[in-house]
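Asker: Here the sequence shown is numbered in my numbering, starting from 82 and rising by one per residue. Using N, Cα and C, we set each Cβ at its ideal position, and we do this for glycine too.
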Amino acid sequence: MRILLLIIAVAVAGVVALVVTFRPGAAVERAAPGQLTLFQWEDYMNPPFLHDYERRFREDPRITIFADEDEAFAKMRAGFRPDVMGPCYYEFPRWQQAGLLEPIDTAKLKNWNRISPTLRNLPGISAGAGKVWFVPHYWGNTSITFRTDLAPEYARHPSWNILFDPKYKGRVSVLEGVDDTVPFVAHMIGVDAYTMNEAQWRRVQEKLRDLVPRTRTITSDDSALVQGLASGEIVAAMTWRIVYSTLKRENQPVAFMNPPGGMFTYVCGLVMHKNPSSVEKATALIDSMIGDEGAVYTIEKIGDEPANEAALAGEPDAVFARQGLSRDMEAMLKSGIFQRRMRNKEEIISAWTEIRAGL
């Protein structure tokens with residue numbers, strides 16, 4: 082999913098991920114002998130997720146950030162070999178089918194049973210008895226974060242149509258990845274992006290072509306979205322919940338839309354690369370990331386809700402209320418539109434790339 086550390090170099094051929102580590106002088110082009118590589122969204126590589134691992138092995142993982150999963154997949158197909166990665170539920174099957182994943186032994190995860198049973202039993206994650214392809218880590222929402230002082234009419238009547246409102250042309254933003262923007266826009270015209278036929282896909286493409294010239298930016302960089310909304314340069318942006326929660330902590334006049342029909346809901350998790358440098362260390366890193374410290378950090382600082390629901394028992398109701406979340410995970414997951422894998426995704430990626438370029 083992504084906060085203040087992201088720097089992306091975009092070239093015609095693709096996107097190059099930024100390498101960061103937390104210890105001075107530790108940024109390297111190649112992992113040290115025995116050092117794991119974590120390939121993850123920018124929000125979910127922060128110290129609270131890593132402390133248990135660091136205490137056990139007296140070392141940090143090397144961290145490489147990806148901006149979206151299409152970039153991450155292309156980088157791995159080109160030969161990059163991390164040990165642990167953080168895709169979302171709709172994406173991991175593509176990585177599995179490409180032969181990039183190793184099953185994870187849940188008996189080696191002391192925090193496995195702290196994960197919500199609903200998430201532990203997601204269809205398709207089982208890799209056989211006692212093993213999974215995908216360990217749920219957190220879940221959250223995609224919707225519109227907007228300035229309530231600059232667009233007060235949408236505070237009274239929330240609608241994603243703000244993206245097409247002529248009044249705000251040039252002051253809106255959408256996410257770069259197809260897994261968010263394409264289903265989002267499809268839903269606005271009554272099309273289910275997960276089952277759409279060719280005729281419906283053509284309608285969605287026309288709507289996307291209508292959208293692009295209305296935008297100020299098309300980006301998945303949370304820091305840029307936070308800055309744009311805080312300054313008023315952007316009035317409304319398609320975002321993940323973290324942009325909203327960051328702005329709320331800064332006392333900015335913003336809201337996160339929950340229009341009729343609900344928000345989009347994603348579940349993201351952790352997977353292990355095929356033949357990792359150390360299965361023991363990779364498993365321990367996954368266990369560290371789903372632990373209690375990271376779970377509390379997820380809801381308090383990021384604004385998503387951790388899969389480790391047992392860690393939230395001591396959290397006050399005010400924390401959930403501030404983030405617009407509920408203790409009833411199942412009700413929240415059922416209240417919106419669950420993000421799934423789109424058919425013909427490669428075709429959709431190609432079309433969206435051309436549309437963004439004005440072709």
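Alpha carbon to alpha carbon, what distance is there between I225 and S358?
Answerer: In the sequence shown, the residue the question calls residue 358 occupies position 277. In the sequence shown, the residue the question calls residue 225 occupies position 144. Whole-angstrom Cα-Cα distance: 40 angstroms.
Asker: Would you kindly report the start and end of the unbroken beta strand (DSSP E) that includes I270?
Answerer: The sequence position of residue 270 within the sequence shown is 189, counting from 1. Note, I270: premise wrong, no beta strand (DSSP E); not H, not E.
Asker: Flag this pair as yes or no: are the beta carbons of V253 and R297 separated by less than 8 angstroms?
Answerer: Here residue 253 corresponds to residue number 172 of the sequence shown, with the count starting at 1. Here residue 297 corresponds to residue number 216 of the sequence shown, with the count starting at 1. Yes, Cβ-Cβ distance for V253 and R297 is below 8 angstroms.
Asker: What is the C-beta distance between G313 and L231, in whole angstroms, given that I count them as a contact (C-beta under 8 angstroms)?
Answerer: For this step, residue 313 is matched to residue 232 along the sequence shown. For this step, residue 231 is matched to residue 150 along the sequence shown. Sure, about 6 angstroms apart at Cβ, within 8 angstroms.
Asker: In the DSSP assignment, the beta strand (DSSP E) including V316 goes from what residue to what residue?
Answerer: The residue given as residue 316 occupies position 235 in the sequence shown. Counting along the chain, V316 falls outside any beta strand (DSSP E), and DSSP gives it neither H nor E.
Asker: Out of A438, P129 and P128, which one is the CA nearest neighbour of P294?
Answerer: If you number the sequence shown from 1, residue 294 lands on position 213. Comparing Cα positions, the closest option is A438.
Asker: Out of N194, S197, F154 and G271, which one is the CA nearest neighbour of L182?
Answerer: Looking up residue 182 in the sequence shown gives position 101. Nearest of N194, S197, F154 and G271 to L182, Cα basis: F154.
Asker: Is V216 closer than 8 angstroms to I323 when the C-beta atoms are compared?
Answerer: Taking the sequence shown and counting its residues from 1, one reaches residue 323 at position 242. Taking the sequence shown and counting its residues from 1, one reaches residue 216 at position 135. Their beta carbons are not under 8 angstroms apart, which means I323 does not touch V216 by this criterion.
Asker: May I ask whether a heavy atom of the ligand GDP can be found less than 7 angstroms away from the beta carbon of T346?
Answerer: In the structure shown, the ligand GDP is absent, as is every other ligand, since no ligand is present at all.
Asker: Indicate the three-state DSSP secondary structure (helix, strand or coil) for L86 in the structure shown.
Answerer: For the purposes of this step, residue 86 is taken as residue 5 along the sequence shown, with counting starting at 1. Confidence in L86 is poor, its pLDDT being 35 and thus under 50, which makes the residue's placement unreliable; the coordinate value appears in the next sentence. In the structure shown, L86 sits in coil (DSSP, three-state: anything other than H, G, I, E or B).
Asker: At which residues does the beta strand (DSSP E) containing F138 begin and terminate?
Answerer: As a working mapping, residue 138 is identified with position 57 in the sequence shown. Careful: F138 lies outside any beta strand (DSSP E), inside the alpha helix (DSSP H) at H132 to F138.
Asker: When you compare each of P142, A274, D398 and L190 to D261 by their alpha carbons, which one comes out closest?
Answerer: For the purposes of this step, residue 261 is taken as residue 180 along the sequence shown, with counting starting at 1. Answer by Cα proximity: A274.
Asker: Y347 to G417, Cα distance in whole Å?
Answerer: Stepping through the sequence shown from its first residue, residue 347 is reached at position 266. Stepping through the sequence shown from its first residue, residue 417 is reached at position 336. Cα to Cα, the separation comes out at about 10 angstroms.
Asker: May I ask you to report which of helix, strand or coil DSSP gives F173?
Answerer: Locating residue 173 in the sequence shown gives position 92, counting from the first residue. It is helical.
Asker: What would DSSP say about L60, mapped onto helix, strand or coil?
Answerer: Within the shown structure, residues of the chain are numbered from 82 to 440, placing residue 60 beyond reach of any answer.
Asker: Using only the alpha-carbon positions, how far apart do I429 and Y325 sit?
Answerer: Here the question's residue 429 lines up with position 348 in the sequence shown. Here the question's residue 325 lines up with position 244 in the sequence shown. Their backbone Cα atoms lie some 28 angstroms apart in a straight line.
Asker: Determine which residues share a DSSP beta bridge with V387 and list them.
Answerer: To locate residue 387, count along the sequence shown from 1; it is residue 306. First, the residue type needs correcting, since residue 387 is Pro and not Val in the sequence shown. Paired residues: Y219.
Asker: State buried or exposed for Q177, treating a residue as buried only when at least 16 other CB atoms are found within 10 Å of its CB.
Answerer: As a position in the sequence shown, residue 177 is number 96, starting the count at 1. So Q177 counts as buried.
Asker: From the DSSP output, in three-state form, read off L393 for me.
Answerer: Taking the first residue of the sequence shown as 1, we reach residue 393 at position 312. It is helical.
Asker: Hey, could you find the ends of the beta strand (DSSP E) A336 is sitting in?
Answerer: Taking the sequence shown and counting its residues from 1, the one referred to as residue 336 is at position 255. Looking at the DSSP string, the run of the beta strand (DSSP E) that includes A336 is V335 to F337.
Asker: Using the Cβ count rule (16 or more neighbours within 10 Å means buried), how would you classify E435?
Answerer: Counting from one through the sequence shown, the residue named residue 435 turns up at place 354. It is exposed - the Cβ of E435 has fewer than 16 other Cβ atoms within 10 Å.
Asker: Based on Cα-Cα distance, which residue from Q281, A402, K362 and G350 lies nearest to I380?
Answerer: To locate residue 380, count along the sequence shown from 1; it is residue 299. Here the closest residue by C-alpha is A402.
Asker: Let me know the secondary structure DSSP gives D151 once reduced to three states.
Answerer: Here residue 151 refers to the residue found at position 70 when the sequence shown is read from its first residue. Note: D151 maps to helix in three-state DSSP.
Asker: So if DSSP puts I299 in a beta bridge, which residue, or which two residues, is it bridged to?
Answerer: If you number the sequence shown from 1, residue 299 lands on position 218. Its beta-bridge partners are V255.
Asker: Compare the Cα-Cα distances from A392 to each of N192, P239, K329 and S240 and report the closest residue.
Answerer: Here residue 392 refers to the residue found at position 311 of the sequence shown. For the residues N192, P239, K329 and S240, the minimum Cα distance to A392 belongs to N192.
Asker: Is the segment 385 to 400 in contact with the segment 138 to 154, if contact means three or more CB pairs nearer than 8 angstroms?
Answerer: Result no; under three Cβ-Cβ pairs closer than 8 angstroms.
Asker: Restricting to Cα atoms, I'd like to know which of G395, A317 and A280 is closest to P233.
Answerer: Working through the sequence shown from its first residue, we reach residue 233 at position 152. When each option's Cα is compared against that of P233, the closest is A317.
Asker: Which term fits G309, buried or exposed, when burial requires 16 or more other beta carbons within 10 angstroms of its beta carbon?
Answerer: Position 228 of the sequence shown, counted from the start, is the residue given in the question as residue 309. Flag for G309 reads buried.
Asker: Going by the beta-carbon positions, is the gap between H218 and G167 smaller than 8 angstroms?
Answerer: For the purposes of this step, residue 218 is taken as the residue at position 137 of the sequence shown. For the purposes of this step, residue 167 is taken as the residue at position 86 of the sequence shown. Yes. Within cutoff.
Asker: I need the boundaries of the alpha helix (DSSP H) containing F345, first residue and last residue.
Answerer: Counting from 1 along the sequence shown, the entry for residue 345 is found at position 264. Run containing F345: none in the alpha helix (DSSP H); it sits in the beta strand (DSSP E), F345 to H354.
Asker: Run the CB neighbour count on P163, radius 10 Å, all protein chains shown included, and call it buried at 16 or more, exposed below.
Answerer: Here residue 163 corresponds to residue number 82 of the sequence shown, with the count starting at 1. P163 is buried by the Cβ-count criterion.
Asker: Is K382 helix, strand or coil by DSSP?
Answerer: Walking along the sequence shown from the start, residue 382 turns up at place 301. Of the three classes helix, strand and coil, the one that applies to K382 here is helix, per DSSP.
Asker: So the beta strand (DSSP E) F120 belongs to, where does it begin and stop?
Answerer: The count along the sequence shown starts at 1 and reaches residue 120 at position 39. Run containing F120: T118 to Q121, per the beta strand (DSSP E) assignment.
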